[in-house]
Amino acid sequence: MDLLVVGSVALDSVKTPFGEKERILGGSAMHFSVSASLFTPVRLVGVVGKDFPEEHLEFLRGRRIDLEGLEVADGETFRWVGEYTQNLNEAITLETHLNVFADFQPKLPERYRSSEFVFLANIDPELQLDVLQQVEKPRYVACDTMNFWIEGKPEALWKTLEHVDTLVINDGEARLLAGEENLVKAARSILGQGPKSLIVKRGEYGALLFDKEGEFWAPALPLDDLSDPTGAGDSFAGGFMGYLASRGEVNHANFRRAVIYGSTMASFNVQAFSLDRLRTLTPKEIEDRARRFKALSDFDLPPRGS
Ligand code: AMP
Numbered sequence: 002m003d004l005l006v007v008g009s010v011a012l013d014s015v016k017t018p019f020g021e022k023e024r025i026l027g028g029s030a031m032h033f034s035v036s037a038s039l040f041t042p043v044r045l046v047g048v049v050g051k052d053f054p055e056e057h058l059e060f061l062r063g064r065r066i067d068l069e070g071l072e073v074a075d076g077e078t079f080r081w082v083g084e085y086t087q088n089l090n091e092a093i094t095l096e097t098h099l100n101v102f103a104d105f106q107p108k109l110p111e112r113y114r115s116s117e118f119v120f121l122a123n124i125d126p127e128l129q130l131d132v133l134q135q136v137e138k139p140r141y142v143a144c145d146t147m148n149f150w151i152e153g154k155p156e157a158l159w160k161t162l163e164h165v166d167t168l169v170i171n172d173g174e175a176r177l178l179a180g181e182e183n184l185v186k187a188a189r190s191i192l193g194q195g196p197k198s199l200i201v202k203r204g205e206y207g208a209l210l211f212d213k214e215g216e217f218w219a220p221a222l223p224l225d226d227l228s229d230p231t232g233a234g235d236s237f238a239g240g241f242m243g244y245l246a247s248r249g250e251v252n253h254a255n256f257r258r259a260v261i262y263g264s265t266m267a268s269f270n271v272q273a274f275s276l277d278r279l280r281t282l283t284p285k286e287i288e289d290r291a292r293r294f295k296a297l298s299d300f301d302l303p304p305r306g307s
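Here this note's numbering = 1-based position in the sequence shown + 1.
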């Protein structure tokens, strides 16, 4: 099935306890697309500036990522400067420069308009809605966001969420969005106001899926070689949506598996800066690791009463 994504394409400068890199390939749509393209072809909607290095475009052309919807505009590429200190689950934003995104008016290539699976990656909620409204008959829509937009444009965000099947956010964002500290109550409150299901990413504590059929929890893989958590959330979403689009059928059983593939992709993404680990990743490595996830929380209980 066709999978469309709109989101940021960025040059990130990132500092973690394990190193520091300047102007590396990043952005929500970038981490998402590269991750999802390991499962299914992806159509990208976004904008970069004239300063966006040719080598990145070259790399993307070599993946199953359609770049017709990636505009190259006059100006500079979106830039994010962030740091992780002790708490690797939480990025500290030092600078956000919207640059070419400030005046971006997405116009979907004709071919994209028939897309059935749509992911609204983290970007201005007005842009998310603008893109969604150009898709003829979206079958399944998921959406991400972050504090920057929850605090900066709450009304536009709630308006976008009216059209969303699944919201995929981290625990801090869920608490902020709902105005509620208890995560389960926050989830209930969000589900009462729009999306049919909610995925709460909890960094090293895994991910929780809430929908009308109950809850599902996927652990995060215990890793001893973490480098850079940036993009963990987007590569999670890429694995999640990529898997669902590759199956074509949206049901609770596929949802559960998709959460595991999402967790699998996030675990690879954090093992190197930018999305470098995903550059060499093979389908076999993904399958092997997904099976490790199953083993991680699989156990037998003796029959009742024995
Ligand atoms: P995450 O998966 O949450 O770690 O997302 C990381 C990516 O989000 C980085 O590569 C940033 O370029 C991008 N990003 C950071 N702030 C924003 C923002 N306000 N809007 C869109 N993208 C952002």
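All C-beta atoms in this analysis are idealised placements derived from N, C-alpha and C, irrespective of residue type, glycine included. Computed from a predicted structure; not experimentally measured.
Nearest-angstrom Cα separation, counted from residue j out to residue i
| i | j | result |
| --- | --- | --- |
| Q129 | T94 | 21 Å |
| A188 | E214 | 14 Å |
| R24 | R80 | 8 Å |
| G27 | A296 | 32 Å |
| Y262 | A291 | 6 Å |
| G153 | E288 | 39 Å |
| S298 | L222 | 10 Å |
| S275 | G306 | 52 Å |
| R257 | L168 | 15 Å |
| I354 | P304 | Given that the chain is displayed from residue 2 to residue 307, the structure contains no residue 354 and the question cannot be resolved. |
| N123 | F149 | 10 Å |
| D145 | H164 | 13 Å |
| F294 | T265 | 8 Å |
| N90 | E111 | 39 Å |
| L178 | E127 | 17 Å |
| L224 | E137 | 42 Å |
| E56 | F33 | 19 Å |
| G204 | T41 | 25 Å |
| Q135 | F118 | 13 Å |
| G193 | L210 | 15 Å |
| V73 | L282 | 28 Å |
| I66 | E96 | 28 Å |
| L302 | Y113 | 49 Å |
| P139 | A254 | 21 Å |
| F269 | N88 | 19 Å |
| E21 | E286 | 27 Å |
Residue i: first and last residue of the uninterrupted alpha helix (DSSP H) it sits in
| i | result |
| --- | --- |
| N171 | That residue, N171, is in no alpha helix (DSSP H); its beta strand (DSSP E) goes T167 to N171. |
| Y262 | H253 to N270 |
| K285 | P284 to S298 |
| D277 | D277 to R280 |
| I151 | N148 to G153 |
| E163 | Taken as a continuous stretch (DSSP letters only), E163 belongs to no alpha helix (DSSP H), as it is neither H nor E. |
| G243 | A233 to R248 |
| D131 | P126 to Q134 |
| S190 | L184 to L192 |
| R62 | E55 to R62 |
Limits of the unbroken beta strand (DSSP E) element including residue i
| i | result |
| --- | --- |
| G20 | G20 to G27 |
| E72 | L71 to A74 |
| I93 | I93 to H98 |
| R44 | V43 to G50 |
| K108 | Taken as a continuous stretch (DSSP letters only), K108 belongs to no beta strand (DSSP E), as it is neither H nor E. |
| D217 | With the sequence shown as reference, residue 217 is identified as Phe, and Asp is not the correct amino acid for it. Where F217 is concerned, the enclosing beta strand (DSSP E) stretches over G215 to A219. |
| Y206 | Where Y206 is concerned, there is no enclosing beta strand (DSSP E), given that its DSSP letter is neither H nor E. |
| F120 | F118 to L121 |
| A273 | Where A273 is concerned, there is no enclosing beta strand (DSSP E), given that its DSSP letter is neither H nor E. |
| L4 | L4 to V7 |
Check whether residue i and residue j have beta carbons under 7 Å apart
| i | j | result |
| --- | --- | --- |
| F60 | S228 | no |
| V142 | D125 | no |
| E77 | D104 | no |
| V46 | G70 | yes |
| V43 | L4 | yes |
| Q272 | R280 | no |
| G240 | S9 | no |
| A175 | V201 | yes |
| V15 | T231 | yes |
| M31 | A246 | no |
| S190 | E182 | no |
| D172 | L158 | no |
| V132 | P107 | yes |
| Y244 | A259 | yes |
| F120 | V6 | yes |
Between the segment 191–199 and the segment 222–239, do at least 3 Cβ pairs fall closer than 8 Å? no
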